[in-house]
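Take a look at the structure set out below.
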Amino acid sequence: MLQKRMAMPMDWDDVRFFLAVTRAGTLASAARSLGVDQTTVGRRLASLEESVGQTLLERAPTGFSPTEVGRRVIGAAETMADAAGDFEIAARSDEAGAVENVRVATTDSLAEHFVIPALATLRARKPNVNVDLQTAWARVNLLRGEADIAVRLVRPTHRRLVARKVADFAMRAYASPAYVAARGMPASDFRGHDVLAYTAAREASSNFTLAGLDARPGRNVLQTNSGSALLRAARDGLGVAELPSYVGDADPGLVRVCANHARFYSVYLVSHEDRRRVRAVRAVSEAIAAAFDGYRASARQAVRSKRSR
Numbered sequence: 110m111l112q113k114r115m116a117m118p119m120d121w122d123d124v125r126f127f128l129a130v131t132r133a134g135t136l137a138s139a140a141r142s143l144g145v146d147q148t149t150v151g152r153r154l155a156s157l158e159e160s161v162g163q164t165l166l167e168r169a170p171t172g173f174s175p176t177e178v179g180r181r182v183i184g185a186a187e188t189m190a191d192a193a194g195d196f197e198i199a200a201r202s203d204e205a206g207a208v209e210n211v212r213v214a215t216t217d218s219l220a221e222h223f224v225i226p227a228l229a230t231l232r233a234r235k236p237n238v239n240v241d242l243q244t245a246w247a248r249v250n251l252l253r254g255e256a257d258i259a260v261r262l263v264r265p266t267h268r269r270l271v272a273r274k275v276a277d278f279a280m281r282a283y284a285s286p287a288y289v290a291a292r293g294m295p296a297s298d299f300r301g302h303d304v305l306a307y308t309a310a311r312e313a314s315s316n317f318t319l320a321g322l323d324a325r326p327g328r329n330v331l332q333t334n335s336g337s338a339l340l341r342a343a344r345d346g347l348g349v350a351e352l353p354s355y356v357g358d359a360d361p362g363l364v365r366v367c368a369n370h371a372r373f374y375s376v377y378l379v380s381h382e383d384r385r386r387v388r389a390v391r392a393v394s395e396a397i398a399a400a401f402d403g404y405r406a407s408a409r410q411a412v413r414s415k416r417s418r
């Protein structure tokens, strides 16, 4: 047990190594994240403990875990890390300010309706944050650093990925009024109707469904990997498409078909546990989350207004 006294002046940089071990759990993982060897991490951790006169980490079956004192100082250590980042940015800033880059990955629909409006709001408060927005259905690998933030439809299971549910939405079937007038309202199996498919959703399951209904009896006349193309095709009367309700219900060129049926899904804001602590990443994440919060508030208000009429 180390003596509970300050034995020597503390090297503030040692705190960075302490945080790395608490986040990674092992010296080896912490060393990889810091780009140093394992011996260096152990030496800097020992130096910090000697400086503060306390044991901060103890060995556990799976690596290292904070002691009671270690848990007590983690918050202060996080604050120091944030302050060090702010200091570095301020020191390197020119008159216009240093530019911070954040990579965001999502679908084109979520980008158009939530992410881009969020970034427009963020821009007024954080003009030095630049965003690289990647839109595709395929998932990026956050563990490999392919993006800082992902807005996904599936909750990740890896322990180092942090997910925050920001929305619950419904997928419903829509067609243009002209299509319905010419072809009639589809039955629940879409037999005798033209259907439009989103490529990724079609490939993800052996059963082709629209709004949770079997769409295989219908005639698949278009398949696309673009949400905007799918929307345009439905609006132009090519057939029946499954679209998010926040898209279809707001479009005057579409009407619901099989209106009592829907497929429900959740949206998650996901980031790596290390990257989410970066100031710019945190700012972008909070702005995106606020955009979803704003949509929910507007939707609730619209429901209340409709009921009061």
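Note that the working numbering has the sequence shown beginning at 110, numbered continuously upward. Quick reminder that beta carbons are idealized off the backbone N, C-alpha and C, glycines included.
query	result
Pairing CB atoms from the segment 399-410 with CB atoms from the segment 280-294, are three or more of them under 8 Å?	no
Could you pull the start and end residues of the beta strand (DSSP E) that Asp303 belongs to?	303-307
How should Asp123 be labelled, buried or exposed, when 16 other C-beta atoms within 10 angstroms of its C-beta is the threshold for buried?	buried
Look up Ser297 in the DSSP assignment and say whether it is helix, strand or coil.	coil
Assuming Pro361 contacts Ser218 under a Cβ cut-off of 8 Å, what Cβ separation, rounded to an integer in Å, is found between them?	Incorrect: roughly 18 Å between the Cβ atoms, too far for contact.
How big is the Cα-Cα spacing for Arg264 and Arg365?	28 Å
Can you give me the start and stop residues for the alpha helix (DSSP H) that Ser142 sits inside?	136-143
Mapping DSSP to helix, strand and coil, what is Met119?	coil
Select from Thr333, Tyr283, Leu228, Ala368 the residue whose C-alpha is nearest the C-alpha of Ala245.	Thr333
Using the C-alpha atoms, what's the distance from Arg391 back to Arg385?	6 Å
Please report the residue range of the alpha helix (DSSP H) in which Arg232 lies.	225-234
Indicate the three-state DSSP secondary structure (helix, strand or coil) for Ser156 in the structure shown.	helix
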